[in-house]
Each structure stands twice: as structure tokens, then as C-alpha cells.
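Colleague: Quick one: the structure is below, and I'll ask about it shortly.
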Amino acid sequence: MESSYRWFCWKKQIQRVAECGWRLSFYVCAWIAGLTILMGEPQLKDVSECWRGWPHHNLTTAVWWYYILEASFYWAFFIETLCVDVRRADFLQMLLHHGITILLLYLSWSMNMVGVGKLVLFVHDAADIYIWETTLNVIFVIFLAVWTGTRLVYYPFWIMRSSWFDAPEMIQSSYRWTNLWQRPLVPRVSMVMLSALLVLHVFWTYVILKFLNMLYRRLNISEFVVQKCLSCCETHTSGGN
Numbered sequence: 049m050e051s052s053y054r055w056f057c058w059k060k061q062i063q064r065v066a067e068c069g070w071r072l073s074f075y076v077c078a079w080i081a082g083l084t085i086l087m088g089e090p091q092l093k094d095v096s097e098c099w100r101g102w103p104h105h106n107l108t109t110a111v112w113w114y115y116i117l118e119a120s121f122y123w124a125f126f127i128e129t130l131c132v133d134v135r136r137a138d139f140l141q142m143l144l145h146h147g148i149t150i151l152l153l154y155l156s157w158s159m160n161m162v163g164v165g166k167l168v169l170f171v172h173d174a175a176d177i178y179i180w181e182t183t184l185n186v187i188f189v190i191f192l193a194v195w196t197g198t199r200l201v202y203y204p205f206w207i208m209r210s211s212w213f214d215a216p217e218m219i220q221s222s223y224r225w226t227n228l229w230q231r232p233l234v235p236r237v238s239m240v241m242l243s244a245l246l247v248l249h250v251f252w253t254y255v256i257l258k259f260l261n262m263l264y265r266r267l268n269i270s271e272f273v274v275q276k277c278l279s280c281c282e283t284h285t286s287g288g289n
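In my numbering, the protein residues as written are 49 to 289.
Printed below as a string of C-alpha cells:
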């Protein structure tokens, strides 16, 4: 019975390692592909270029494949989370994240707003690389720095800011976000979903910081226990002498 239990635990660990390895490989490849595509385009340096000349933006073969592969991955991730994966504590948040990402991919594709779509995918893939490899302290520090820089700084203060202010000015100067019934309505739907992603980023940051606090307390407790044990050993040794 014990051997069967150990085999089951070992099998689950192997499956988890394989799952993390697959996702890590995808995010690394996706991030490199996104960087390669964006390096030849002005959006990486100036987000407002996403809106200049819209909707007359050429769709290259590389961008087409980039979108298809990202959409395929998130669909697979969505189905896996919903039907296959173990229901973890953040099940609903993950499901919402994947659903919003798929809808944003569809809307940006159908409206030929792939410029901003590429940036959103790029900054998300950058942090996701390190989510699946956080066993080393150095890797975790890198992950936290990349997560903060991409999802809590660049995403809201560059991409979302440009979407709020640059897009209406450069595409349709009479467009007002406060006029809820002014057409087109799709940009408002897109901004709601982009804002929902930001809320999820803040929530997951809270979870990460909570985990760090718990880890810090455990390390302090462990250090205290070790010191007490050493102190007791020294006292016992002195008494014996």
C-alpha cells in the first residue's frame, strides 16, 4: 500500500514537472518571437505608434503566426484549466484571465489592432517565463522584478495610458469614453477587459507578497529553532563537562 502511494505521488510530481516544463518552453519561445517581431516595429519604443494610421496596418506573416500560436495556447490552457487540471485556489481567477485574453486576442485581431495586442502579449509572456521556475531564490527575485516591471508598471502606465488617451486623440478626436453610447462600442469593451487584467495582476501580486511574508516567517521560525537547539546542545555539553 505504501509503495503504491509513493508511486502515485512520484507520478503526480513527474506530471507536474512535465507540465511546468512545457509551459516554460512555450513562454520562452513566445517571448523571443514577440521580441523579434517588435524589434523591427516602432510600437516597442513608442506605444502611441499602435494607433497611428489605424486601421491601415499591414499584417505580416510573422504576426499572423504569432497570433495563431498564442490564441491556440490560451485556448488549450483554458480547456485544461476548466476540464482537466486540479481545481486550485485561484481556479476562477485563472479561468477569467484566460477567457479575457482570448477575447482580447479576437477583438484586436478583428479590428486590426494587433499593434497593441502584440505589446500586451509580450509583457505578459515576459513574466510568465519565471512563474514555472521559482525554486531558486535568484530566479524568484528575477521573477518578482520582471512581474513588477511588466505587469504593474509598463502595462498600466504605458500600454493602458496610451489606450486611454492616445488612441481617441489619434483615431477619432471626437471620441469620449464618458459617452457610453457613442460608437464604436468595442473600444470600451476592450478597455474593460484590459482593466480586468490589471485587477488580476494586482490580486496575484497580493498573493505573491503574502507568500513571501509566509516564507519569511517560516525562515525566521526555522532559524529560531536551530538557534535554540544549538543553545541547548551547548548547555548540555557544558553541563556534561
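From the three backbone atoms N, C-alpha and C, an ideal C-beta is built for every residue, glycine too.
How would you label F259, buried or exposed, when you count the other beta carbons within 10 angstroms and need 16 or more for buried?
Modeller: Classification of F259: exposed, given that the 10 Å Cβ count is below 16.
Colleague: Note down, in chain order, each residue of its chain lying with its Cβ closer than 8 angstroms to the Cβ of T182, except the 5 sequence neighbours on either side.
Modeller: Note that T182 has pLDDT 48, beneath the 50 cutoff, so the model's placement of it is unreliable and no number is given.
Colleague: Which of helix, strand or coil does DSSP assign to N261?
Modeller: Three-state result, N261: helix.
Colleague: Are the beta-carbon atoms of Y202 and V171 separated by less than 8 angstroms?
Modeller: In this structure, V171 lies closer than 8 angstroms to Y202 by Cβ.
Colleague: Skipping 5 residues on each side, what residues in its chain have a beta carbon closer than 8 angstroms to that of A175?
Modeller: The answer, listed in chain order, is F191, V194, W195, T198, R199.
Colleague: What does the Cβ neighbour count give for Y264, buried or exposed, with the cut at 16 atoms within 10 Å?
Modeller: Exposed: under 16 other Cβ atoms inside 10 Å.
Colleague: Contact between the region 217-235 and the region 128-142: three or more CB pairs below 8 angstroms?
Modeller: They do not touch, by the three-pair rule.
Colleague: Taking a contact to mean a Cβ-Cβ separation below 8 angstroms, would you say M294 touches S96 in this structure?
Modeller: Coverage of the chain is limited to positions 49 through 289, which leaves residue 294 absent and any answer about it impossible.
Colleague: Distance, Cα to Cα, N160 vs R266?
Modeller: Using only the alpha carbons, I get a separation of about 50 angstroms.
Colleague: Can you tell me whether I85 is buried or exposed, with buried defined as 16 or more other CB within 10 angstroms of its CB?
Modeller: By the neighbour-count rule (16 or more Cβ atoms within 10 Å), I85 is buried.
Colleague: Buried or exposed for F74, going by 16 or more other Cβ atoms inside 10 Å?
Modeller: That one is buried.
Colleague: Taking the continuous alpha helix (DSSP H) assigned at S156, which residues delimit it?
Modeller: First-last of the alpha helix (DSSP H) with S156: 139-158.
Colleague: Just tell me which of H249, V76, V164, A110 has its CA closest to the CA of K93.
Modeller: Closest option to K93, Cα to Cα, is V164.
Colleague: Check T108 in the structure and name its three-state DSSP category.
Modeller: Coil.
Colleague: Using the three-state DSSP reduction, which class does K226 fall into: helix, strand or coil?
Modeller: The sequence given here has Thr at residue 226, not Lys. Coil, per DSSP.
Colleague: Does DSSP classify I207 as helix, strand or coil?
Modeller: Residue state, collapsed to three classes: helix.
Colleague: Which of the three DSSP states is assigned to K166 in this structure?
Modeller: Helix.
Colleague: Is DSSP giving V134 helix, strand or coil here?
Modeller: Three-state result, V134: coil.
Colleague: Could you name the residues of the same chain whose beta carbon sits closer than 6 angstroms to that of T149, not counting the 5 residues immediately before and after it, in chain order?
Modeller: Correct list, in chain order: Y122.
Colleague: Considering M218, what are the terminal residues of the alpha helix (DSSP H) in which it resides?
Modeller: Where M218 is concerned, the enclosing alpha helix (DSSP H) stretches over 215-219.
Colleague: Report the residue from E118, H146, F205 whose alpha carbon sits nearest the alpha carbon of M241.
Modeller: Of the candidates E118, H146, F205, the one whose C-alpha sits nearest the C-alpha of M241 is H146.
Colleague: Answer yes or no: do G88 and K166 have a C-beta to C-beta separation smaller than 8 angstroms?
Modeller: No, these two residues do not count as a Cβ contact at 8 angstroms.
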